[in-house]
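Numbering (the working numbering), first residue to last: 7 to 286.
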């Protein structure tokens with residue numbers, strides 16, 4: 007990934023979405039050729055010179071101080087994930103760190119087995135599915151049956167036709183997954199496998215390019231998911247995404263259900279059916 011170009015595109019898209027009235031800047035009567043803030047207006051809000059901000063947006067300003075980065079984040083009204091992404095793009099690593107293979111430690115695998123009443127899985131870098139319990143494989147897809155290189159949540163949502171049928175509000179979920187990948191790309195610009203995944207999604211997914219070029223970034227924490235299962239019908243979850251201590255590059259995703267709900271009853275039925283199928 008070309009960090010200079012990524013930084014320029016990210017800053018341009020962030021300032022394009024902000025109108026001057028949202029910042030308290032007075033109207034100056036000048037015609038606007040582009041939507042959003044001008045460079046000089048962002049510079050004024052951040053307390054830097056227009057020349058410096060222009061060089062920054064062009065990737066020619068070196069490493070700005072944390073104070074300047076924070077001032078830019080305030081001026082552009084960035085959310086926490088966007089602030090993280092801006093910091094990643096502005097940080098110039100002295101050398102390229104190798105991207106090592108990821109492994110799920112035994113304790114986390116045991117936790118997935120313990121969480122046998124709700125879907126749960128562990129994501130690694132680039133949304134790779136590193137491990138999934140039986141209900142996760144039933145509600146989404148059987149990741150264990152796929153080749154190891156294809157066990158990836160973004161590939162599932164964007165390239166598997168079944169995902170469009172099973173996933174409620176598919177467009178929102180798929181777009182959010184692309185935003186998660188964008189955040190990953192800023193953190194690991196030299197990840198060859200991530201670049202290959204982005205290339206594959208660009209070629210094979212009609213929607214991916216538009217969402218990728220929005221430069222939206224997202225770090226999943228919690229929210230709602232809705233799936234249509236061919237055997238038990240509608241399933242509604244409240245998910246939590248947690249980083250296990252000691253491994254910030256892995257995420258434990260748990261799809262919780264309301265006790266006594268129709269989804270809880272459906273999951274019990276699904277568990278019974280899959281257990282019977284496995285023993286037969």
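Idealized CB from N, CA, C, for every residue including glycine. Predicted model only: the values in this text are computed from it and were never measured.
For the putative contact between residue 190 and residue 131, defined by C-beta atoms under 8 Å, what is the C-beta separation to the nearest angstrom?
6 Å
Are there three or more Cβ pairs, one per stretch, closer than 8 Å when the segment 75–82 is compared with the segment 106–117?
no
In whole angstroms, give me the CA-to-CA distance for residue 173 and residue 149.
16 Å
Pair every Cβ in the segment 245–264 with every Cβ in the segment 199–211, then say whether three or more of these pairs are closer than 8 Å.
no
N- and C-terminal bounds of the beta strand (DSSP E) containing residue 247:
239–248
Kindly give me the distance between the Cβ atoms of residue 128 and residue 194, rounded to whole angstroms, as I take these residues to be in contact under 8 Å.
With 8 Å as the limit, residue 128 and residue 194 do not qualify as a contact, their Cβ atoms being about 18 Å apart.
So residue 221 is in the beta strand (DSSP E); what residue range does that whole segment cover?
Unbroken run through residue 221: none, as it is neither H nor E.
Length of the line joining the Cα atoms of residue 27 and residue 89
22 Å
Closest by C-alpha distance to residue 255, when choosing among 175, 263, 82 and 134
134
Would you check if the segment 34–49 and the segment 59–70 touch, i.e. whether three or more CB-CB distances between them fall below 8 Å?
yes
Residue 42 in three-state terms, based on DSSP:
coil
Between 160, 10, 264 and 250, which lies nearest to residue 217 when the distance is taken from Cα to Cα?
160
What's the gap between the Cα of residue 235 and the Cα of residue 145?
7 Å
Taking the alpha helix (DSSP H) that residue 205 falls in, what are its first and last residues?
198–210
If you follow the beta strand (DSSP E) that residue 128 is part of, which residue opens it and which one closes it?
126–129
Based on Cα-Cα distance, which residue from 32, 81 and 45 lies nearest to residue 14?
45
What residues in its chain sit with their C-beta under 8 Å from that of residue 225, if we drop five residues either side in the sequence?
86, 87, 90, 186 and 189
What residue range is occupied by the uninterrupted alpha helix (DSSP H) comprising residue 133?
Here residue 133 belongs to no alpha helix (DSSP H), and DSSP marks it neither H nor E.
Tell me whether residue 69 is buried or exposed, calling it buried when 16 or more other Cβ atoms sit within 10 Å of its Cβ.
exposed
Per DSSP, what kind of secondary structure is residue 165 in: helix, strand or coil?
helix
Is the CB-CB distance between residue 43 and residue 21 below 7 Å?
yes
Which class does residue 59 belong to by DSSP, given the choice of helix, strand or coil?
helix
Look up residue 147 in the DSSP assignment and say whether it is helix, strand or coil.
coil
Going by DSSP, name the residue or residues bridged to residue 258.
128 and 248
For a quick check, are the C-beta atoms of residue 209 and residue 238 less than 7 Å apart?
no
Rounded separation between residue 24 and residue 38 - CA only
13 Å
Taking all protein chains shown into account, do 16 or more other C-beta atoms lie within 10 angstroms of the C-beta of residue 154, making it buried, or fewer, making it exposed?
exposed
Following the continuous alpha helix (DSSP H) through residue 230, name the residue where it begins and the one where it ends.
Element bounds for residue 230: not the alpha helix (DSSP H) but the beta strand (DSSP E), 228–235.
Return the residue from the list 30, 198, 231 and 19 that minimises the CA-CA distance to residue 63.
19
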